[in-house]
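A.B. asks:
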Amino acid sequence: MALKTVQNATAGNETASLHSNAGNGKGRRFLAYWRNDWQLYALLLVPLAFVLVFKYAPMSGLMLAFKEYKIAKGFWGSDWVGFEVFQELFAKPDFGRAVRNTLLLNISDLIFSFTAPIILALLLNEVKNVAFKRVNQTLLYLPHFLSWVIIGAIAYQLLGEGSGMINNVIEAMGLDRVPFLQEDTHWLISYIAIGVWQSMGWGTIIYLAAMSGINPEMYEAATVDGAGRFRKMRSITLPSIRMTIVTLLIMNLGNVMGGSFERVFALSNKATTEYTTTIPVLVYRWGIESGNFSRATALGLFQAVIGVVLVLLADRIAKKLGEDGLI
Amino acid sequence: MQISNSRAVAKRRIKADVWDVLIHAVLVIVSLVCLLPFVHVVAKSLSEDAYVIAQKVFLWPRGINLEAYSKIFADRSILRSLYVSVLVTAVFTVIGMIVTIFAAYPLSRPQLKGRTFLTVIFMFTLYFSGGIIPDYLLINNLGMLDTLWALILPLSFSAFNLLILRSSIASSIPVSLEESARIDGAGHFRILFSIVLPLSKPILATLSLFYAVGRWNAYQDALFYIKQNVELRPLQLKLYYLVVQASESFQLEATNVQLSNPEVLKASVVVFATLPILCIYPFIQKYFVRGVMLGAVKE
Numbered sequence: 001m002a003l004k005t006v007q008n009a010t011a012g013n014e015t016a017s018l019h020s021n022a023g024n025g026k027g028r029r030f031l032a033y034w035r036n037d038w039q040l041y042a043l044l045l046v047p048l049a050f051v052l053v054f055k056y057a058p059m060s061g062l063m064l065a066f067k068e069y070k071i072a073k074g075f076w077g078s079d080w081v082g083f084e085v086f087q088e089l090f091a092k093p094d095f096g097r098a099v100r101n102t103l104l105l106n107i108s109d110l111i112f113s114f115t116a117p118i119i120l121a122l123l124l125n126e127v128k129n130v131a132f133k134r135v136n137q138t139l140l141y142l143p144h145f146l147s148w149v150i151i152g153a154i155a156y157q158l159l160g161e162g163s164g165m166i167n168n169v170i171e172a173m174g175l176d177r178v179p180f181l182q183e184d185t186h187w188l189i190s191y192i193a194i195g196v197w198q199s200m201g202w203g204t205i206i207y208l209a210a211m212s213g214i215n216p217e218m219y220e221a222a223t224v225d226g227a228g229r230f231r232k233m234r235s236i237t238l239p240s241i242r243m244t245i246v247t248l249l250i251m252n253l254g255n256v257m258g259g260s261f262e263r264v265f266a267l268s269n270k271a272t273t274e275y276t277t278t279i280p281v282l283v284y285r286w287g288i289e290s291g292n293f294s295r296a297t298a299l300g301l302f303q304a305v306i307g308v309v310l311v312l313l314a315d316r317i318a319k320k321l322g323e324d325g326l327i
Numbered sequence: 001m002q003i004s005n006s007r008a009v010a011k012r013r014i015k016a017d018v019w020d021v022l023i024h025a026v027l028v029i030v031s032l033v034c035l036l037p038f039v040h041v042v043a044k045s046l047s048e049d050a051y052v053i054a055q056k057v058f059l060w061p062r063g064i065n066l067e068a069y070s071k072i073f074a075d076r077s078i079l080r081s082l083y084v085s086v087l088v089t090a091v092f093t094v095i096g097m098i099v100t101i102f103a104a105y106p107l108s109r110p111q112l113k114g115r116t117f118l119t120v121i122f123m124f125t126l127y128f129s130g131g132i133i134p135d136y137l138l139i140n141n142l143g144m145l146d147t148l149w150a151l152i153l154p155l156s157f158s159a160f161n162l163l164i165l166r167s168s169i170a171s172s173i174p175v176s177l178e179e180s181a182r183i184d185g186a187g188h189f190r191i192l193f194s195i196v197l198p199l200s201k202p203i204l205a206t207l208s209l210f211y212a213v214g215r216w217n218a219y220q221d222a223l224f225y226i227k228q229n230v231e232l233r234p235l236q237l238k239l240y241y242l243v244v245q246a247s248e249s250f251q252l253e254a255t256n257v258q259l260s261n262p263e264v265l266k267a268s269v270v271v272f273a274t275l276p277i278l279c280i281y282p283f284i285q286k287y288f289v290r291g292v293m294l295g296a297v298k299e
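Same order as they appear, the protein sequences are chains L and G.
Per UniProt numbering: the first sequence = residues 1 to 327.
Per UniProt numbering: the second sequence = residues 1 to 299.
(1) At 4 residues or longer, and completely inside the stretch 160–246 of chain G: list those alpha helix (DSSP H) runs for me, N to C.
(2) Given a limit of 8 Å on CB to CB distance, which residues of the stretch 190–219 of chain G reach chain L?
(3) Measuring only the C-alpha atoms, how far is Leu178/G from Thr116/G?
(4) At a CB-CB cut-off below 9 Å, which residues of chain L make contact with Ser156/G?
(5) Leu145/G versus chain L: which residues are under 8 Å apart at the beta carbon?
(6) Just checking: is the beta-carbon of Ser163/L within a distance shorter than 8 Å of some beta-carbon in chain G?
(7) Could you pull the start and end residues of the alpha helix (DSSP H) that His186/L belongs to?
(8) With a threshold of 8 Å between beta carbons, is Phe145/L in contact with chain C?
(9) Is Gly61/L closer than 8 Å to Thr297/L when the C-beta atoms are compared?
(10) Cβ atoms of Trp187/L and Tyr275/L: under 8 Å apart, would you say?
(11) Return the residues of the stretch 276–293 of chain L that lie within a Cβ-Cβ distance of less than 8 Å from chain G, sorted by chain order.
(12) Compute the Euclidean distance between the alpha carbons of Asp49/G and Ser268/L, then round it to the nearest angstrom.
(13) Could you check the C-alpha separation between Thr46/G and Ile64/G for me, to the nearest Å?
(14) For Glu263/G, count neighbouring C-beta atoms within 10 Å of its own C-beta (all shown protein chains included) and say buried if the count is 16 or more, exposed if not.
(15) Could you name the residues of the same chain whose beta carbon sits closer than 8 Å to that of Gly95/L, not counting the 5 residues immediately before and after it, in chain order?
(16) Based on Cα-Cα distance, which residue from Thr115/L, Gly201/L and Phe50/L lies nearest to Leu140/L?
(17) Counting pairs of beta carbons, one from the stretch 109–123 of chain L and one from the stretch 195–210 of chain L, are three or more of them closer than 8 Å?
(18) Between Thr138/L and chain G, is there a C-beta pair that is closer than 8 Å?
(19) How big is the Cα-Cα spacing for Ala74/G and Ser180/G?
(20) With 16 other CB atoms within 10 Å as the buried threshold, where does Pro239/L fall?
(21) Have a look at the DSSP bridge pairing and note the partners of Lys67/L.
(22) Just checking: is the beta-carbon of Glu262/L within a distance shorter than 8 Å of some beta-carbon in chain G?
(23) Would Gly77/L be called buried (16 or more neighbouring beta carbons within 10 Å of its own) or exposed?
(24) At which residues does the alpha helix (DSSP H) containing Leu82/G begin and terminate?
(25) Return the first residue and the last residue of the alpha helix (DSSP H) that Gly228/L is part of.
(26) Enumerate in chain order the residues of its own chain whose CB-to-CB distance from Tyr225/G is below 6 Å, with the five nearest sequence positions on each side excluded.
(27) To the nearest angstrom, report how far apart Ile166/L and Leu159/L are at their CA atoms.
(28) Residues of chain L with a CB under 8 Å from the CB of Ile98/G: which are they?
(29) Counting pairs of beta carbons, one from the stretch 176–186 of chain L and one from the stretch 218–228 of chain L, are three or more of them closer than 8 Å?
(30) Leaving aside the five residues before and after Thr100/G along the sequence, list all residues of the same chain whose C-beta is less than 6 Å from its C-beta, in chain order.
(31) Under 7 Å between beta-carbons, which chain G residues line up against Met59/L? List them in chain order, please.
(32) Given a cut-off of 8 Å on the beta-carbon distance, is the pair Thr138/L and Gly259/L in contact?
(33) Whole angstroms are fine: how far does the CA of Phe157/G sit from the CA of His126/G?
(34) Compare the Cα-Cα distances from Tyr33/L to each of Ala222/G, Phe128/G, Pro110/G and Asp221/G and report the closest residue.
(35) Is it true that the CB of Leu146/L sits closer than 8 Å to the CB of Thr274/G?
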């Protein structure tokens, strides 16, 4: 009996057309479905409540980007001003700087942090000794598990100009101390290097998984044909992970307007302000520190909209290239 | 002919061995680069001030000295931050898992009417969100600023984790299994708690760790939402103020007659905050790797 109702419920439209002469069949079937599966909706109430309150409700706050927010008038009482806030935003010199920095940091990451795991995975793939490989992987994955605050703190312990260990070594060798984190250009390079350090090991996982799926007979055949190590890397390994690379690249392209607040904030200091003003940092400063909610919201919205457009574009490109796409 | 052939093979083998050595050497160096920064910080935290000031501590502690650690354990505000972090992480993980499970199981059932629409509602949040300021205003309106709820509730739904759990349940719990349970008279609640969850233990462990480690490491929301009530700062935020911004001094430092080098103290606070992660890292690593693989398999 129970089985029958389940089948009725799951069979869906085909049975509906078969028994089309039953006038109230549809209603009865829905009733049976509801009797069986109402608990699914009951379960969904909890996550739906969370999403509606904490993800969708804040979206109404985006209206602030089109209002002149006055604390005295409140959120609803503040006057609509159309695109005035945006015009004011675009005219700010800090806005251009934040957009430039966001793009600069993310594109540099794309060049270095994106390629490092590929190279590292190719090297790890050459290792035959399982124990050696496992120990290396454990060490390489380690930085991924640390918070940006800890990484920032360690970075200053090592790279600080006054007492950082690396500078101590440099001085011991008779060279001048380097302001790794205390001068703008050095800071930029350190920021990127620390990003590579944090993510390169972790990034190999997906590539190694793709490489483990390669048929070993291909390598054997290539060896018989006299192909060397690098020939095999170029002609077998790389083509086999090409799709993985392309997919990840496209996903990263969609993120060039995004970026981590925590990473920049934990590594920045008062001496280096040239490259540390990114969009999320500026939103924080304008909004939460200075209370200019309208302008900060407008900046956040600008970033979110460009982000969505880039993701959609990336998805379109992926599909054009014959991939599944991301969405 | 044969001799020259075998000589060529031997030559190639030697050549290959050179590359083998090089590759292994590069990997060892890169791995050490990942490890040595910690070794240095640990060494510094255990060293005597004089050696640190003289910049003579590299990878090995000199003049063993645990004073910095005893200071940390005497500083009530740091211990309080640790307590806040543990509490928030535990509650957050439990709530996050409940929310994720309650969404993933129904969405994995093919008979669910409105499944596409409901899935879109959840997944849309992956691509678009209100952003920092609207989130902040919401927390403010809910009266959650300067409460621990601000660190627990907003992030407990993760569309990414939902995606992983949903496809895992969909592939591991076939509809036929569900149906046979239905014949025995079990409802969805029963099926979820006595069949689906016990069968999904590994993936549940992975996602719990995603939630827990993510919560433990994050400090952005605490920086935004915990302003006045200094008592509620989680460990990462405390560490940010203590070490990165260096605006906050140790409670005891002012009362302590013997001045000590802040560098040693900073190093020991970093070790203190890293230790919990380092202790569980060897055990959780494999779950994380599995999670990454599952996340990469898009449905």
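Beta carbons: idealized from backbone N, C-alpha and C, even for Gly.
Treat the numbers as computed from the prediction; the structure is a model and nothing was measured.
C.D. replies: The short version:
(1) Secondary structure remark: continuous alpha helix (DSSP H) runs of at least 4 residues inside the stretch 160–246 of chain G, in chain order: 175–183, 188–191, 201–217, 220–225 and 235–239.
(2) Leu192, Val213, Trp216, Asn217, Ala218 and Tyr219
(3) Here residue 178/G turns out to be Glu, not Leu, going by the sequence shown. Between Glu178/G and Thr116/G, the C-alpha separation is close to 21 Å.
(4) Here the neighbours are Phe50 and Phe54.
(5) Think of a sphere of 8 Å around the beta carbon of Leu145/G: no beta carbon from chain L falls inside it, the nearest being about 11 Å out.
(6) At least one chain G Cβ lies under 8 Å of Ser163/L.
(7) Asp184 to Ser212
(8) This model lacks chain C altogether, as its protein chains are L and G.
(9) yes
(10) yes
(11) Pro280, Val283, Tyr284, Gly287, Ile288 and Phe293
(12) 27 Å
(13) A small fix is needed here, since residue 46/G is Leu in this sequence, not Thr. The alpha-carbon atoms of Leu46/G and Ile64/G are separated by roughly 6 Å.
(14) buried
(15) Gly is not the amino acid found at residue 95/L; the sequence shown has Phe there. Counting only Cβ-Cβ distances below 8 Å, and skipping sequence neighbours, we find Leu89, Leu282 and Leu299.
(16) Gly201/L
(17) yes
(18) yes
(19) 60 Å
(20) exposed
(21) Its beta-bridge partners are Trp80/L.
(22) It does: the Cβ of Glu262/L has a partner Cβ on chain G nearer than 8 Å.
(23) exposed
(24) Arg76 to Ser108
(25) Premise fails: Gly228/L is in no alpha helix (DSSP H) and is neither H nor E.
(26) Ile139, Leu145 and Ala150
(27) 6 Å
(28) Val46
(29) no
(30) Asn161, Leu162 and Leu165
(31) Gly130 and Pro134
(32) no
(33) Residue identity differs from the one stated: residue 126/G is Leu in this sequence, not His. Within the model, the alpha-carbon separation for Leu126/G versus Phe157/G is close to 11 Å.
(34) Measuring from the Cα of Tyr33/L, the nearest candidate turns out to be Pro110/G.
(35) Yes.
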